[in-house]
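Take a look at the structure set out below.
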Amino acid sequence: MGKIALALFFVATVHTTVPFAQTVADDPKMIESWYAKLHQVKPKLTRLRLYSHDTLFGLVVVFDNPLTEEPQPSSRPVGQAQGFYASARLESLGLVMNMNFVFTNKIYNGSTLSILGRNTAMEAYREMPIVGGSGIFWLTHGVAMATTHSFNATTSDVVVEYNIIAMHY
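Right, dumping it as structure tokens:
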């Protein structure tokens, strides 16, 4: 799918988006507060039995995007965001995303953080789990909170801000 068709897909979907699930990502300060209290909380065990009924459709996009310190493209580079996303919801724009932040500067050089999860791209705040990492981020888990900083419907250029809380050793 070309950039223009993808932009039209994004724009058309804005008007059909309906809330699907409520998360604490609707208020990033709540996530900070939740993590601050985490050491006081006991783990919970949840058991689920679910059935999935397959319907095949969609679009897959692969990316290798620059990561910068500030939203301007000319800002200092810190690495690359590499991965893919695929449409994963029929009613509106819901993506499944696998993304690796590959760091190339300072103490993080050569380290990665891996994100795998649901990205409701039209929501103001999205939270996605950090499922691992490499280098100084061994045994990492955490959350990446995403907000769209800017979107250009003409060029399909999107700047997404990620605020990350990562627990590692």
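Heads up: the sequence shown runs through residues 77 to 245, numbered per the numbering used here.
Using N, Cα and C, we set each Cβ at its ideal position, and we do this for glycine too.
Residue span of the beta strand (DSSP E) that contains residue i, given as start and end
| i | result |
| --- | --- |
| residue 238 | 233-243 |
| residue 163 | 153-163 |
| residue 143 | 136-144 |
Rounded Cβ spacing between residue i and residue j (contact assumed at less than 8 Å)
| i | j | result |
| --- | --- | --- |
| residue 240 | residue 206 | 7 Å |
| residue 180 | residue 155 | 5 Å |
| residue 147 | residue 235 | 5 Å |
| residue 177 | residue 157 | 6 Å |
| residue 242 | residue 192 | Not a contact, Cβ separation roughly 14 Å. |
Residues bridged to residue i (per DSSP)
| i | result |
| --- | --- |
| residue 194 | 172 |
| residue 206 | 191 and 218 |
| residue 226 | 235 |
| residue 178 | 156 and 188 |
Spatial neighbours of residue i in its chain, beta-carbon cut-off 7 Å, leaving aside the 5 residues before and after
| i | result |
| --- | --- |
| residue 93 | With a pLDDT of 37 at residue 93, under the threshold of 50, the modelled position of that residue is not reliable, and no figure is offered here. |
| residue 187 | 179, 209, 210, 211, 212 and 213 |
| residue 185 | 179 |
Element boundaries [alpha helix (DSSP H), containing residue i]
| i | result |
| --- | --- |
| residue 104 | 104-112 |
Own chain, CB closer than 8 Å to residue i, minus 5 neighbours either side, in chain order
| i | result |
| --- | --- |
| residue 245 | 214 and 215 |
| residue 183 | 212 |
| residue 195 | 161, 170, 171, 172, 173, 202, 204 and 222 |
6 Å Cβ shell around residue i - same chain, five flanking residues per side excluded
| i | result |
| --- | --- |
| residue 237 | 223 and 225 |
>> Does the contact criterion of 3 or more C-beta pairs under 8 Å hold for the segment 134-142 versus the segment 102-122?
In response: Using a C-beta cut-off of 8 Å, the segment 134-142 makes no contact with the segment 102-122, since fewer than three inter-stretch Cβ pairs fall below that distance.
> For the 8 Å Cβ check, are there 3 or more pairs between the segment 184-203 and the segment 222-232?
Replying inline: These segments touch.
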